[in-house]
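Residue numbering for the sequence shown follows my numbering, beginning at 65 and increasing consecutively. Each remark here refers to the structure printed beneath this line.
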Amino acid sequence: MKIPVGVSRRHAHLTKEVYEKLFGHSNIEIRNKLNQPGEFASTDT
Numbered sequence: 065m066k067i068p069v070g071v072s073r074r075h076a077h078l079t080k081e082v083y084e085k086l087f088g089h090s091n092i093e094i095r096n097k098l099n100q101p102g103e104f105a106s107t108d109t
């Protein structure tokens with residue numbers, strides 16, 4: 065399976081679809097919203 069991932073320093077950017085493939089259909093805990101519309105940081109690891 066190929067999963068597109070954008071990596072920046074010590075974190076990764078995942079789409080909802082990729083997140084669900086990796087971690088299942090769990091709820092994502094939002095730590096804080098980012099400046100980019102619709103983007104956020106999560107406490108999930």
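Each residue gets a CB set at the ideal place from its N, CA and C atoms; glycine is no exception.
- Taking C-beta separations shorter than 7 angstroms and ignoring five residues to either side along the sequence, the partners of I94 in its chain run F104 and S106, following chain order.
- In this structure, the straight-line span from the alpha carbon of H77 to that of P68 is close to 9 angstroms.
- Excluding the 5 residues flanking it on each side, G70 has same chain C-beta neighbours closer than 6 angstroms at H77, in chain order.
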